[in-house]
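A.B. asks: Provided herewith is a single structure, encoded as structure tokens, for subsequent inquiry.
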Amino acid sequence: MTSNPWWRSAAVYQVYIRSFGDGNGDGVGDIAGIRSRLGYLRELGVDAVWINPWYVSPMVDGGYDVADYRDIDPTFGTLGEVLAFIEAAHDHGLRVIVDMVPNHCSAEHPWFRAAVAAPPGAAERKRFHFRPGRGQTGELAPNNWRSSFGGPAWTRVADPDGTPGEWYLHVFAPEQPDFNWDNPEVRSEFLDILRFWLDRGVDGFRIDAADRLAKDPALPDVAAVIEEAPGPERGYPAAHEIYRGWRRVADSYPGDRVLVGEIWLELRHRAAYHAPGELHTSFSLDLMCSPWDGPALRAVIDANLESSAATGTPLTWVLGNHDATRVVTRYGREDTRFVQVGGTGGDHGRPAGHSDHALGTRRARAAALLMMALPGGLYLYQGDELSLWEVEDIAPELIADPVWERSGHTDRGRDGCRVPLPWSGSAAPFGFSPDHADSPPWLPQPAAWRSLTAAAQSADPDSTLGLYRAALRIRRAEPGLGDGPLTWLPSGRDVLAFGRPGEFACAVNLSAGPIELPAHRSVVLTSGPLAGGLLPPDTAAWLRAA
Ligand code: NOJ
């Protein structure tokens, strides 16, 4: 490993493959669609892409239900196309991070099918969590855990003769059975899968639900107040053993391969997963969850800086992803937080209500400059560079997220942030699919996105795309940005002002009125126009400090 690996400062672009670009005209994004847009990503100025799961899958949960970890779903293309894509991305100077989904597979995975076909106690069942039910005849689930998508975390299977049999655990949908990570076959299988992809040139893994693998072997009931399956903040040693093994594999390959955990835990628990010799880092999701509020954001930044200093792992900021309400919509609401209820996914209790998109866009642009000036690396969710908003009026019959069904139609789930990107033109499919495509985009795009297409914004330096391009270019060239120290500058309570090495400064105004910029020699970039030399509300400025 080199002393300053790329991932400590990288700007990574998240490609939600179903919705990025459709190469074959079936209305669903695919590998050909990403490959033909590599030039866009290079011009945007990112260092890497993270691609959501592209493996063979029945797509019950957007590909997070994997039936074959070593092959590509035909909806997206072929393994051969993926290998050519990885090479092409590298030729464009982009690294490739793939999604690894180790907590659960698909109910269609051969191992799970074999487990259901085998009798209770069989070795095939021991790769999963099968248990007899409670109650007189086993009619009650083995414990009281709830699925993160709503409903019980257990489903009962029938014995080969058709009588009701054991139950299996799924902390997400019933079609996503949890692997038993105490089983040595499961552990060695995943080491092999990691090697399979590392051998094919991937630069790292985003590890799905990284904190859910290790469980208390007794699978005890949780206290009634806890709504979902217990998380590993209880610190199961198995989790640490597992990731030490993964790290040894990653580090045995040349070129600084990275393991990034998706861990929805409080910072102090999350940091335990990147103890020395374990994961390289995990997403700092706290920025995304914080309200648009000066003291709250400053507290989040300080806590993350402190944790990063203590563990030596860099920060990995996130403002949006495929599980969260779009940043423009959040910041345009009265309640600007993102609240993750139910571990992963699910809208239960998420702030809702009317959103002022113009206000949200202004704030999201300021937040982008804030995030890109902070120490560490960052993940940009596709479409945030176009200021796309959450699509909140998808017709119920088109909603694909399992959260919709599992919540008894009380929660519309996450499709609103997964609508296919608008690339060009003045009507759907906005260049997402080729001309004369066979099918419309898998989720309908709002007509109003005609003004937000990549083509429309490309020509306008004041557009959000123009801002992202300029900011990423500066960020790359500026030696003091990325990983490194931050110094807070004196400022009012509702202003975030800090310096970075090389006389670089960033100021964000979260107050209600315009403010004086901190002392500076020149203005490098702003997220919106200055007003008579003052920084207006909800605006950020990058400065060459005095
Ligand atoms: C987290 C992923 O980001 C989400 O989309 C998925 O539904 C769950 N993990 C389950 O795999």
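According to the working numbering, the sequence shown is numbered sequentially starting from 27.
Think of the CB as a built atom: it goes at the ideal place given N, C-alpha and C, for glycine as much as any other residue.
(1) Determine which residues share a DSSP beta bridge with Ser308 and list them.
(2) Please classify Val353: does DSSP put it in a helix, a strand, or coil?
(3) How is Pro178 classed by DSSP in three states: helix, strand or coil?
(4) Anyone know if the C-beta pair for Cys443 and Glu416 falls short of 8 angstroms?
(5) Taking only three categories from DSSP, how would you classify Thr436?
(6) Under 6 angstroms Cβ to Cβ from Pro505, same chain only, skipping five residues before and after it: list those, please.
(7) Whose C-alpha, out of Leu498, Asn209, Gly281, is nearest the C-alpha of Ser29?
(8) Between Glu211 and the ligand NOJ, is there a pair consisting of the residue's CB and a ligand heavy atom that are separated by less than 7 angstroms?
(9) Which runs of the alpha helix (DSSP H) spanning at least 4 residues fall entirely within the stretch 121-158, listed in chain order?
(10) Can you give the Cα-Cα distance for Asp185 and Ala143, rounded to whole angstroms?
(11) Any contact between the stretch 107-120 and the stretch 53-61? By contact I mean 3 or more CB pairs, one from each, below 8 angstroms.
(12) Provide the residue(s) that pair with His81 in DSSP beta bridges, ordered along the chain.
(13) CB-CB under 6 angstroms to Arg232, same chain, minus the five flanking residues each way: which ones, in chain order?
(14) Since I believe Gly230 is in contact with Val4 (beta carbons under 8 angstroms), could you give me their beta-carbon distance rounded to a whole number of angstroms?
(15) So is the beta-carbon of Phe198 under 7 angstroms away from any non-hydrogen atom of the ligand NOJ?
(16) Does DSSP put Arg376 in a helix, a strand or coil?
(17) Does the beta-carbon distance from Leu305 to Tyr279 come in below 8 angstroms?
(18) Can you tell me where the beta strand (DSSP E) with Glu192 in it begins and where it stops?
(19) Does the beta-carbon of Tyr95, which I'm using as the reference point, lie nearer than 7 angstroms to any heavy atom of the ligand NOJ?
(20) Reducing DSSP to helix, strand and coil, say where Tyr90 ends up.
(21) Can you have a look at His196 and say buried or exposed, based on whether 16 or more other CB atoms are within 10 angstroms of its CB?
(22) CA-CA distance, Gly338 and Thr351?
(23) Does DSSP put Ile420 in a helix, a strand or coil?
(24) Based on the DSSP secondary-structure assignment, which residues constitute the bridge partners of Trp475?
(25) When you measure from the CB of Val354 to every non-hydrogen atom of the ligand NOJ, does any distance come out below 7 angstroms?
(26) Comparing the CB of Gly88 with every heavy atom of the ligand NOJ, is any distance shorter than 7 angstroms?
(27) How would you write the range of the alpha helix (DSSP H) that Ala454 sits in, first residue to last?
(28) Mind checking whether the beta-carbon of Asp349 lies closer than 7 angstroms to any heavy atom of the ligand NOJ?
(29) Check each candidate in Ser132, Val228, Leu70 and name the one with the smallest Cα separation from Ala199.
(30) How would you label Ala474, buried or exposed, when you count the other beta carbons within 10 angstroms and need 16 or more for buried?
(31) Exposed or buried, Glu201, counting other C-beta atoms within 10 Å across all chains shown (16 or more means buried)?
(32) Compare the beta carbon distance of Arg376 and Gly177 with 8 angstroms and say whether it is the shorter of the two.
(33) Compute the distance between the beta-carbons of Ala37 and Arg499, then report whether it is under 8 angstroms.
(34) Only counting the same chain, and skipping five residues up and downstream in sequence, which positions put a Cβ closer than 6 angstroms to that of Ala141?
(35) Is the stretch 462-469 touching the stretch 483-500 in the sense that three or more CB pairs, one from each, lie closer than 8 angstroms?
(36) Helix, strand or coil for Arg172, going by three-state DSSP, please let me know.
C.D. replies: Well, looking at it:
(1) The count along the sequence shown starts at 1 and reaches residue 308 at position 282. Paired residue(s): Gly287.
(2) Walking along the sequence shown from the start, residue 353 turns up at place 327. Val353 falls in the helix class under three-state DSSP.
(3) Here residue 178 refers to the residue found at position 152 of the sequence shown. Taken through DSSP and simplified to helix, strand or coil, Pro178 comes out as strand.
(4) For the purposes of this step, residue 443 is identified with residue 417 of the sequence shown, where counting begins at 1. For the purposes of this step, residue 416 is identified with residue 390 of the sequence shown, where counting begins at 1. Yes, the pair counts as a contact, with Cβ atoms nearer than the cut-off.
(5) Locating residue 436 in the sequence shown gives position 410, where the first residue counts as 1. Looking at Thr436 - three-state DSSP - the assignment turns out to be coil, as it is neither helix nor strand.
(6) The count along the sequence shown starts at 1 and reaches residue 505 at position 479. If you ignore the 5 residues before and after Pro505, its C-beta comes within less than 6 angstroms of the C-beta of Gly528, all in its own chain and listed in chain order.
(7) Here residue 29 is taken as the residue at index 3 of the sequence shown, counted from 1. Minimum Cα-Cα distance from Ser29 among the listed residues Leu498, Asn209, Gly281 corresponds to Gly281.
(8) Your numbering for residue 211 matches position 185 in the sequence shown. Glu211 Cβ: outside cutoff for every heavy atom of the ligand NOJ.
(9) Secondary structure in the stretch 121-158: the alpha helix (DSSP H) runs of 4 residues or longer, each lying completely within the stretch, are 136-143 in chain order.
(10) Taking the first residue of the sequence shown as 1, we reach residue 185 at position 159. Taking the first residue of the sequence shown as 1, we reach residue 143 at position 117. Taking the straight line from one Cα to the other gives about 8 angstroms.
(11) Taking one beta carbon from each stretch, the stretch 107-120 and the stretch 53-61 have 3 or more pairs nearer than 8 angstroms; the two touch.
(12) Sequence index remark: in the sequence shown, residue 81 carries index 55 (1-based). Residue identity differs from the one stated: residue 81 is Tyr in this sequence, not His. Its beta-bridge partners are Ile98.
(13) Within the sequence shown, residue 232 is the residue found at index 206, counting from 1. Counting only Cβ-Cβ distances below 6 angstroms, and skipping sequence neighbours, we find Trp76, Ile123, Asp125, Val286.
(14) No statement about residue 4 is possible, as the shown extent of the chain runs from 27 to 572 and does not include it.
(15) The residue you call residue 198 lines up with position 172 of the sequence shown. The answer is yes for Phe198.
(16) Within the sequence shown, the letter at position 350 stands for residue 376. Here Arg376 sits in coil by DSSP.
(17) To locate residue 305, count along the sequence shown from 1; it is residue 279. To locate residue 279, count along the sequence shown from 1; it is residue 253. No; because the gap between Cβ atoms is not below 8 angstroms, this pair is not in contact.
(18) The residue you call residue 192 lines up with position 166 of the sequence shown. In the DSSP annotation of this structure, the continuous segment of the beta strand (DSSP E) that includes Glu192 starts and ends at 190-195.
(19) Here the question's residue 95 lines up with position 69 in the sequence shown. With a threshold of 7 angstroms, the Cβ atom of Tyr95 does not count as near the ligand NOJ, since no heavy atom of the ligand is closer than that.
(20) The residue given as residue 90 occupies position 64 in the sequence shown. Coil at Tyr90, not helix or strand.
(21) In the sequence shown, the residue the question calls residue 196 occupies position 170. By the neighbour-count criterion, in which 16 or more other beta carbons inside 10 Å mark a residue as buried, His196 falls on the buried side.
(22) Mapped onto the sequence shown, residue 338 falls at position 312. Mapped onto the sequence shown, residue 351 falls at position 325. The straight-line gap from Cα to Cα measures roughly 31 angstroms.
(23) Along the sequence shown, one-based indexing puts residue 420 at 394. In this structure, Ile420 counts as coil in the three-state DSSP scheme.
(24) For this step, residue 475 is matched to residue 449 along the sequence shown. Trp475 has no beta-bridge partner at all, per DSSP.
(25) Position 328 of the sequence shown, counting from 1, holds the residue named residue 354. Val354 Cβ: outside cutoff for every heavy atom of the ligand NOJ.
(26) Walking along the sequence shown from the start, residue 88 turns up at place 62. Taking 7 angstroms as the cut-off, one finds at least one heavy atom of the ligand NOJ near enough to the beta carbon of Gly88.
(27) Counted from its first residue, the sequence shown places residue 454 at position 428. From DSSP, Ala454 is part of no alpha helix (DSSP H); its letter is neither H nor E.
(28) Here residue 349 refers to the residue found at position 323 when the sequence shown is read from its first residue. For Asp349, the Cβ falls inside the 7 angstroms cut-off from some heavy atom of the ligand NOJ.
(29) By one-based count along the sequence shown, residue 199 stands at place 173. Among Ser132, Val228, Leu70, the Cα nearest to that of Ala199 is on Ser132.
(30) In the sequence shown, the residue the question calls residue 474 occupies position 448. With fewer than 16 Cβ atoms within 10 Å of its Cβ, Ala474 is classed as exposed.
(31) Start at 1 with the first residue of the sequence shown, and residue 201 comes out as number 175. Looking at its Cβ environment, which holds 16 or more other Cβ atoms inside 10 Å, Glu201 is buried.
(32) Numbered from its first residue, the sequence shown carries residue 376 at position 350. Numbered from its first residue, the sequence shown carries residue 177 at position 151. It is not a contact, given that the beta carbons lie outside the stated cut-off.
(33) Position 11 of the sequence shown holds residue 37. Position 473 of the sequence shown holds residue 499. Taking the C-beta atoms as reference points, Arg499 is found no nearer than 8 angstroms to Ala37.
(34) Locating residue 141 in the sequence shown gives position 115, where the first residue counts as 1. Apart from sequence neighbours up to five positions away, the residues of its chain that approach Ala141 with a beta-carbon distance below 6 angstroms are Glu150, Arg151, Phe154, ordered along the chain.
(35) Contact between the stretch 483-500 and the stretch 462-469 is absent, with fewer than three C-beta pairs closer than 8 angstroms.
(36) Looking up residue 172 in the sequence shown gives position 146. Arg172: strand per DSSP, three-state reduction.
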